[in-house]
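> There's a structure below that I have some questions on.
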Amino acid sequence: MTDTPDQPSPSDDAPTGLRKSLTSYGDNGFSLFLRKAFIKGAGYTDSALDRPVIGIVDTGSAYNPCHGNAPQLIEAVKRGVMLAGGLPMAFPTISIAESFSQPTSMYLRNLMSMDTEEMLRAQPMDAVVLIGGCDKTVPAQLMGAASAGIPAIQLITGSMLTGSHRSERVGACTDCRRYWARFRAEEIDEAEIAAVNDQLVASVGTCSVMGTASTMACIAEALGMTVPGGASPPAVTAQRMRIAELTGKEAVQMARDGLTIDKILTAEAFENAMRVLLAIGGSTNGIVHLTAIAGRMGFDVDLKALDRMGRETPVLLDLKPSGQHYMEDFDKAGGMATLLRELRPLLHLDALTVTGRTLGEEIDAAGPAFAQSVVRPFDDPIYPQGGIAVLQGNLAPGGAIIKQSAADARLMEHEGRAVVFENAADLAARIDSDDLDVNADDILVLRNIGPKGAPGMPEAGYIPIPKKLAMAGVKDMVRISDGRMSGTAFGTIVLHVTPESAIGGPLAHVRSGDRIRLSVSRREIDLLVSEEELAQRAKEKPVVEPSAERGYLKLFLQSVTQADKGVDFDFLRAVETRGTTPRA
């Protein structure tokens, strides 16, 4: 069970509409009288105010081009709500844009989840439409809605369109990194990188590849939290607006049926979402976010069981960075229905969705398969196992992950000399130096970029290839950190090393020149230093955990959990545990 109050189905005894969440004046009748008086000042009639109230979370912001279509989506949702007999009420919450958040968007995800949860509790609504798209927005909204417990439905803002550079199709942000690497290697000049910059983002919307935003869109649909087909239509298409209208209609029906979020976010739903995460070659961030959402519902994520699931779940989606296509191609190929059809034998088909129908029923209703080249047949995958592998060893006792579908196969079994960077500032200061003692077989190690160390676990785990090696033609190296990387990134990169260095994890005691061994086939990541030597190093240089005197940073550092617990705040997780997922 979760630590949220029971949410009764609509009845004569359960308050609905404007009668919900009454302000405390000591007199409920007066509270309702006052509420109606003030809202009538906006021009509402009693007839309008007597309908099911559907909240619409507005995350539009001038700082967030991923949500640049939010005004149009809100109008379409309102249309759907009114067509179904409800009263739409849009309200703002925090908006988090990936490239406009300092120190990192992950630092703000939990704050946004708290904002979402408390506004859902504080304001009268019978159901809520969660409009989000950019990387941390969808997980924050699902976390907050899970804790609030009311009927909730996710509306994805949709992906951006691709651009064109010298007849080559380009899109954010796998191509951003590819071209920037070429610029650092001096393969292209400033004029060309400026021209590329103009073409990478051709419209509003989220990244056009299988980055974190697209991953979370697919996960939301796999969880049953969107209308069918809600993950893939691009932001600026008519279909995205139709999805918004349908979402508004569905929200009204959910309110009438009392279809609360706990009936959808079950153990089976989380296992379906994990299958999809593995099969799409999804962002490594997806594991952290799913773990956090599951924790709000009382489920612990078993990383070893997730890895076993990955060994039998191939990557089927041919999208960058694991493949070649873009989100708009996935949409034209049938979107999630096409993927779910291929995964059908591995899914819990009886899992309930926001439509009130099961996932299996929605797959059946999607219509017949048709010829396309974006979603591979199950027996002809892009990659034979799931896109993400879970590693363990003396360097990561609590686990680490690698996106094996986007790594260099030649480096998956590798032993090399550690080249250690103390933090992101040290990396920035030395990575391009001609004096850096590094060669192509070395292993780059970046510490102090975990949940507490940075703070906020930034996407600095995509450590750039040292400039002198990049100019010599080196395209990939083994890289290890306690941070994250963008879902749009690629390379042989070990992430989420747990426990992090800032709280005394083994990564804190690695020294340049140490030998490290990576074996993805054996799921091992080991520092080839004796336990006695590591203990001596810890004694000689004890770790002092970061702290703060005031404000949100103090709350964050005192309460944030490690990657294996979803980097959520410990006090936001469900009080009681319902079990683990995926189940063995």
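Counting in full-length UniProt numbering, the sequence shown runs from 1 upward without gaps. From the three backbone atoms N, C-alpha and C, an ideal C-beta is built for every residue, glycine too.
Would you report the Cα separation of residue 585 and G55, rounded to the nearest angstrom?
The question about residue 585 has no answer here: the residues shown for the chain are numbered 1 through 584.
> Would Y179 be called buried (16 or more neighbouring beta carbons within 10 Å of its own) or exposed?
By the neighbour-count rule (16 or more Cβ atoms within 10 Å), Y179 is buried.
> Using CA coordinates, which residue listed in Q372, L120, L352 and S373 is at the minimum distance from I363?
Closest option to I363, Cα to Cα, is L352.
> For A337, which residues of its own chain have a beta-carbon under 6 Å away from its beta-carbon, when the five flanking residues on both sides are left out?
So the qualifying residues of the chain are A366.
> Give the DSSP bridge partners of Y383, in chain order.
Y383 is bridged to V315.
> Can at least three beta-carbon pairs, one atom from the region 392-401 and one from the region 217-224, be found at a separation below 8 Å?
Result no; under three Cβ-Cβ pairs closer than 8 Å.
> Assign N69 to buried or exposed, taking buried as 16 or more other Cβ atoms, counted over all protein chains shown, within 10 Å of its Cβ.
Under this definition N69 is a buried residue.
> At the level of alpha carbons, what is the spacing between E117 and A389?
If I take the Cα positions, the gap works out to 32 Å.
> Hey, is the region 122-137 in contact with the region 16-25, meaning 3+ C-beta pairs nearer than 8 Å?
Enough Cβ pairs lie closer than 8 Å, so yes.
> Assuming L446 and L427 make a contact with CB atoms under 8 Å, what is their CB distance in whole Å?
Confirmed, Cβ separation roughly 6 Å.
> Going by the C-beta, is A191 closer than 7 Å to any heavy atom of the ligand MG?
This structure lacks the ligand MG; in fact it carries no ligand of any kind.
> Among G566, E549 and T492, which has the Cα closest to the Cα of Q558?
The shortest Cα separation from Q558 among G566, E549 and T492 belongs to E549.
> Where does the unbroken alpha helix (DSSP H) through R121 begin, and where does it stop?
S105 to A122 is the span of the alpha helix (DSSP H), which, as asked, contains R121.
> Could you check which residue in S208, L572, E250 and I96 has the C-alpha nearest to that of residue 594?
Residue 594 is absent from the model: the chain starts at 1 and stops at 584.
> Which of the three DSSP states, helix, strand or coil, is assigned to R184?
In the structure shown, R184 sits in a helix (DSSP, three-state: H, G or I).
> Check whether the region 137-146 and the region 162-169 are in contact - that is, three or more C-beta pairs closer than 8 Å.
Flag = no, the region 137-146 and the region 162-169 do not touch.
> Kindly indicate which residue of V196, D175, T237 and L265 has the alpha-carbon position closest to the one of I153.
That would be L265, whose Cα lies nearest to the Cα of I153.
> Under 6 Å Cβ to Cβ from S203, same chain only, skipping five residues before and after it: list those, please.
Answer for S203: M160, L161 and V236, listed in chain order.
> Using three-state DSSP, classify L528 as helix, strand or coil.
Three-state DSSP puts L528 in coil, outside helix and strand.
> When DSSP labels each residue in this structure, what does S232 get in the three-state scheme?
Reduced to three states, the DSSP call for S232 is coil.
> Could you pull out every unbroken alpha helix (DSSP H) segment of at least 4 residues lying fully inside the region 449-533, listed in chain order?
Listed in chain order, they are 467-470.
> On a CA-only basis, which of L200, R109, I516 and Q199 is nearest M477? Give me that one, please.
Cα-wise, what sits closest to M477 is I516.
> Return the first residue and the last residue of the beta strand (DSSP E) that E268 is part of.
No beta strand (DSSP E) holds E268; the alpha helix (DSSP H) holding it covers A267 to A279.
> Check each candidate in E271, A195 and L246 and name the one with the smallest Cα separation from R344.
If we check each option's Cα against that of R344, E271 comes out closest.
> Does P397 come out as helix, strand or coil in the three-state DSSP assignment?
Three-state DSSP puts P397 in a strand.
> DSSP has K403 in a bridge; who is on the other side?
Paired residue(s): I388.
> As a quick exercise: from R522, P52, A14 and T45, pick the residue whose alpha carbon is nearest that of D307.
Measuring from the Cα of D307, the nearest candidate turns out to be R522.
> Any beta carbon from chain B within less than 8 Å of D331's own beta carbon?
Of the protein chains in the structure, only one exists, and it is not chain B.
> Check for me: the beta strand (DSSP E) holding F33 runs from which residue to which?
It is not in any beta strand (DSSP E) - F33 instead sits in the alpha helix (DSSP H) that spans N28 to K40.
> Could you tell me which residues DSSP pairs with T580 in its beta bridges?
In DSSP, T580 forms a bridge with D300.
> Do the region 109-116 and the region 502-520 meet, that is, are 3 or more Cβ pairs less than 8 Å apart?
Touching, no.
> Should M274 be labelled buried (16 or more other beta-carbon atoms within 10 Å of its own) or exposed?
Buried.
> Could you tell me whether the Cβ atoms of S105 and T215 are closer together than 8 Å?
Result no, Cβ atoms of S105 and T215 do not sit closer than 8 Å.
> Can you name the start and end residues of the alpha helix (DSSP H) that D46 belongs to?
Taken as a continuous stretch (DSSP letters only), the alpha helix (DSSP H) holding D46 covers D46 to L49.
> What distance in whole Å lies between the Cβ atoms of L142 and I293, which are believed to be in contact at a cut-off of 8 Å?
Indeed, because the Cβ distance is near 5 Å, the residues count as touching under 8 Å.
> Report yes or no: do the region 404-414 and the region 380-388 share at least 3 C-beta pairs separated by less than 8 Å?
Counting Cβ pairs under 8 Å, three or more are found: they touch.
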